[in-house]
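Colleague: Under numbering that gives the first Met the number 0, think of the first position of the sequence shown as 0, with each following residue one higher.
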Amino acid sequence: MKQFIFGTILLISLAVVIYSNSSVFAQLQQKEYSFAFKWGSNGTGDGQFIRPHGVDFDSQGNVYITERTNNVVQKFTHDGKFLKKWGQGGSDPGDLEEPYEVKVYKDYVYVVDKDNNRIQKFDTNGKFIKLWDRFNAPDGGFVKMNLPEAIAFNPSTGNVYITDTGNNRTLKLDSNFNFVLQWGYYGRGQGQFDHPHGIGVDSKGNVYVNELYVARIQKFDSNGNFIKQWGSNGTGNGQFAGALEHLFVGHDDSVWQVDAADNPRVQKFDTEGNYITSVGSGPCIIPDDVKSDPQKMANYKECDGKLAEPEHANLDSEGNLYVVDRGNQRIEVFSPVR
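Quick look at the structure:
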């Protein structure tokens, strides 16, 4: 009897140890996601898109989407109702040339104005406030960007991180956008970059950077010291095929990577690179009114819940995943389910 009790206690202890392991815990606690709703169509009208790209949210849950081709930012309610838009092609303050990422921080809207080599700041109604096309350096000089593509904020310190893509480096700025440090140069070794693309920061200040055509995510500390990397070429869980689109870090420290057209999906990892789940590979959901009409079915080309060419994604405050699906010129929203 004593042996049985001892054995039972040992098994329970082992189970607790295994369950507490971060990767196993992540697997057991993973959330699946189901298609919830969508909005958008091809065009230049309000609520329509031509190559939508970035997505983020303000404190009210409103959604901001950048459009690389139309050179605008569109603002929607959380359920996709059009509110307003701003921007036009050009280089004057408030103009945009291929706006890439949009990031809302303390209810100010920051837009990575890629082809103008600058970051612009707006209020949530689209009023221009300020721009940065260079950053003051401690030596009295300044640092300029070349085709930046992404921006992230450390929520604790306000420090700013930018993928300075044309220079194959990452920039760290203070909360006033003064230059602090940089890291990286061209290459595919640890701490090097070949077209750095997306960037995110977790609650501990660690920085995650991906590259457009390198099948990996690199993790650094807040000062750019290399910690680890993960990923390989392929279509399996935790692998990346073809071009990698943007990554982001969720408010729960989940790390999300958008895979592009060669294997369209959004993969979720923990901060150690352990694969958790993926979203957007289907199943294909066809509306009932379409399924019941042979003519509609014959002309039906969309597939709700199955992404075509995703560009970016983000989590709202309730954990819903908003995916910018440029292949379908729309936004698809997935909700977590147990």
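Note that CB positions come from ideal geometry on N, CA and C, so glycine has one too.
Kindly indicate which three-state DSSP category residue 270 falls into: helix, strand or coil?
Modeller: Along the sequence shown, one-based indexing puts residue 270 at 271. Coil.
Colleague: Taking its Cβ as the centre, do 16 or more other Cβ atoms sit within 10 Å of residue 48, making it buried, or is it exposed?
Modeller: If you number the sequence shown from 1, residue 48 lands on position 49. By the neighbour-count rule (16 or more Cβ atoms within 10 Å), residue 48 is buried.
Colleague: Cα-Cα, which of 52, 77, 45 is closest to residue 58?
Modeller: Numbered from its first residue, the sequence shown carries residue 58 at position 59. Of 52, 77, 45, the residue nearest in Cα terms is 77.
Colleague: For residue 84, which residues from the same chain have a beta carbon less than 8 angstroms from its beta carbon, with the 5 sequence-adjacent residues on both sides left out?
Modeller: For the purposes of this step, residue 84 is identified with residue 85 of the sequence shown, where counting begins at 1. Hits under 8 angstroms: 45, 71, 72, 73, 74, 125.
Colleague: Output the distance between the C-alpha atoms of residue 197 and residue 244, rounded to the nearest integer angstrom.
Modeller: Numbered from its first residue, the sequence shown carries residue 197 at position 198. Numbered from its first residue, the sequence shown carries residue 244 at position 245. Taking the straight line joining both Cα atoms gives about 7 angstroms.
Colleague: Is the Cβ-Cβ distance between residue 110 and residue 121 less than 8 angstroms?
Modeller: Position 111 of the sequence shown, counted from the start, is the residue given in the question as residue 110. Position 122 of the sequence shown, counted from the start, is the residue given in the question as residue 121. The answer is yes: Cβ separation under 8 angstroms.
Colleague: Between the C-alpha atoms of residue 132 and residue 236, what's the straight-line distance to the nearest angstrom?
Modeller: Looking up residue 132 in the sequence shown gives position 133. Looking up residue 236 in the sequence shown gives position 237. So the two alpha carbons sit approximately 39 angstroms from each other.
Colleague: Helix, strand or coil: which one does DSSP assign to residue 105?
Modeller: Position 106 of the sequence shown, counted from the first residue, corresponds to residue 105. Residue state, collapsed to three classes: coil.
Colleague: According to DSSP, is residue 187 helix, strand or coil?
Modeller: In the sequence shown, the residue the question calls residue 187 occupies position 188. In the structure shown, residue 187 sits in coil (DSSP, three-state: anything other than H, G, I, E or B).
Colleague: Which class does residue 294 belong to by DSSP, given the choice of helix, strand or coil?
Modeller: Here the question's residue 294 lines up with position 295 in the sequence shown. Correct three-state label for residue 294: helix.
Colleague: Nearest to residue 67 by CA position, among 61, 80, 60, 53, is which residue?
Modeller: Mapped onto the sequence shown, residue 67 falls at position 68. Among 61, 80, 60, 53, the Cα nearest to that of residue 67 is on 53.
Colleague: Go ahead and pull the three-state DSSP assignment for residue 329.
Modeller: By one-based count along the sequence shown, residue 329 stands at place 330. Correct three-state label for residue 329: strand.
Colleague: Report buried or exposed for residue 297, applying the criterion of at least 16 other Cβ atoms within 10 angstroms of its Cβ.
Modeller: Numbered from 1 along the sequence shown, position 298 holds the residue referred to as residue 297. Result: exposed.
Colleague: Is DSSP giving residue 91 helix, strand or coil here?
Modeller: Along the sequence shown, one-based indexing puts residue 91 at 92. In the structure shown, residue 91 sits in coil (DSSP, three-state: anything other than H, G, I, E or B).
Colleague: As an exercise, report each continuous beta strand (DSSP E) stretch of at least 3 residues that is fully enclosed by the segment 41-89, in chain order.
Modeller: Within the segment 41-89, the complete beta strand (DSSP E) runs of at least 3 residues are 51-56, 62-66, 71-75, 81-85.
Colleague: Quick check on the burial criterion: 16 or more other C-beta atoms within 10 angstroms. Buried or exposed for residue 171?
Modeller: For this step, residue 171 is matched to residue 172 along the sequence shown. Result: buried.
Colleague: Can you name the start and end residues of the beta strand (DSSP E) that residue 209 belongs to?
Modeller: Translated into positions along the sequence shown, residue 209 becomes position 210. Start and end: 206-210.
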